[in-house]
Every structure is written in C-alpha cells, then in structure tokens.
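K.L.:
Residue numbers (our numbering), protein chains in the order written: chain A, 141 to 263; chain B, 141 to 263. Just so you know, even glycine gets a beta-carbon here, dropped at the ideal spot from N, CA and C. Please read these numbers as outputs of a predicted model, since none were measured by experiment.
1. Enumerate in chain order the residues of its own chain whose CB-to-CB distance from residue 211(B) is below 7 angstroms, with the five nearest sequence positions on each side excluded.
2. Is the CB of residue 204(B) under 8 angstroms away from at least one CB in chain A?
3. Starting from the Cα of residue 154(B), find the closest Cα among 214(A), 154(A), 202(A) and 167(A) and give me that residue.
4. Determine, for residue 169(A), whether the minimum Cβ-Cβ distance to residues of chain B falls below 8 angstroms.
5. Would you identify the three-state DSSP class for residue 210(A), choosing helix, strand or coil?
6. What are the residues of the region 205-225 of chain A that lie near chain B, defined by any Cβ-Cβ distance shorter than 9 angstroms?
7. Would you be able to state if there are at least three C-beta pairs under 8 angstroms between the region 181-197 of chain B and the region 226-233 of chain A?
8. Buried or exposed for residue 162(B), going by 16 or more other Cβ atoms inside 10 Å?
9. How about residue 108(B) and residue 173(A): are their beta carbons less than 8 angstroms apart?
10. Give the DSSP-derived three-state secondary structure of residue 152(A) in the structure shown.
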C-alpha cells in the first residue's frame, strides 16, 4: 500500500494537465506534512522547556514578532500575507493545545511525587 | 531590514535553550511559507484549467483521496492525523475561494466579449 500513499492515484478520466498539476500538489503536501511533523516535535520541546521554567504556554510578544516576519516572508514569496497570518494562528492554536497538555501532565507527575493532596509546583 | 526577516530577533532575556528551538521553528516556518506560496501558484493553475474545462471548483472525490493519503503520511511522520486532515481542509477552503475568484473573473471576461446582457458560457 506504500505506492498508494506516494502516488496521486487519480481516476483515468482526469485530464493530463490537471493530473500533472495534482502530482506537484501531492508532492508539496507530503513535504508540508513532514515539515509540520518536525515543527510540532520542536514546539513540544519548547513546551517542556516552558513548563520547567514556569513560563506560560502562550507568549503574545513572540507571536507578534512571528506574525510580522511571516507576513514579510509571504509578501516576498507571493503568498497573501493575510492568509500567512491566518495560517500561523491555525498552527499556534494547536501548539498551545499541546503545551497545555504538557503542563498538565507535568503538574500531575509533580502531584504524584508530592504529598497526596498538596498542590504541585506547576499546578 | 532583510536581516529582521530572516532572524528570530528574540529579546535578550529569552533562555538559550528556548532561543535555539525558536530559531529552528523560524526556519521551518520560512520553508512552510515558501511551500504554501508554491502550492497556491499550482492550485491557481488548476483553477484556470478547471474553469476552461467547465469543471466545478470543488471535487469531493479528489479531496477524499487527499485526506486518506495525508492521514497515512501524517501517521508515518508522527503527526496527529486528525490535525493533518484539519490542515488540508484549512488549505482547501482557501483554494476554493481562489478558484471561485478565477471562475468569476473568466465569466466576466467572457461576458464582456459577448453581447451585452447575454449570459457567458461559464457564468
């Protein structure tokens, strides 16, 4: 079934020109999925660092710098900067969800090691 | 100002470990923006092809195949397949918006060339 994952598997009636463009889109999507996987591996590490340092999951100053940078990069690349900003917000929502999970798990671990009933250091 | 675009420009008080992880995230984001720009260049071509061939902007069969493939790729890459599916839907919404714009522009161009008041071939 590996072939099915890597090929566009388009029905025979799809015109050649459309099939060609879709093959490129499918390759780009595979690259996007792998980059996103790596990005979340990295932001999960950030979540652990933040929880250890008692930093909040969300960081509005950092997000503001990211938005400005991505909008500028988008304009250079010919991507709608409004879409680039929406895209970053979409990703950051998922990251914050992961960070809250990490902080929650670490607080639970802390509570288990502490006196029963006591509030853990990161709870 | 080019340096400001390519560097993470983090405040001095950000711990080194966090600064390092953020530099990687910023590089991944630059790659994502450029891949997205290229993906939309490609889907805009698809929009023109579809409008010429009188195909509808949305193609549920294609989208179903894309979802199945991206979920499988996400699982291989260690990315949450539910997120991968949400991501594709997020991108496809933007693509459909572009395709509707293209179809609209082409219908307008057609109407301008036809008898005033007549309905164009792709209207």
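P.N.:
Taking the coordinates as given:
1. Numbered from its first residue, the second chain carries residue 211(B) at position 71. 221, 224 and 225, listed in sequence order.
2. Your numbering for residue 204(B) matches position 64 in the second chain. No, residue 204(B) lies away from the interface with chain A (no Cβ there is under 8 angstroms from its Cβ).
3. Sequence index remark: in the second chain, residue 154(B) carries index 14 (1-based). Among 214(A), 154(A), 202(A) and 167(A), the Cα nearest to that of residue 154(B) is on 202(A).
4. Start at 1 with the first residue of the first chain, and residue 169(A) comes out as number 29. For residue 169(A), the answer is yes, since a Cβ of chain B falls inside 8 angstroms of its Cβ.
5. The residue labelled residue 210(A) in the question sits at position 70 within the first chain. Helix at residue 210(A).
6. 205, 206, 208, 209, 210, 212, 213, 214, 216, 217, 218, 219, 220, 223 and 224
7. no
8. Counted from its first residue, the second chain places residue 162(B) at position 22. Burial call: buried.
9. The displayed coordinates of chain B run from 141 to 263. Any statement about residue 108(B) would go beyond what the structure contains.
10. Position 12 of the first chain, counted from the first residue, corresponds to residue 152(A). The answer is coil: DSSP assigns residue 152(A) none of H, G, I, E or B.
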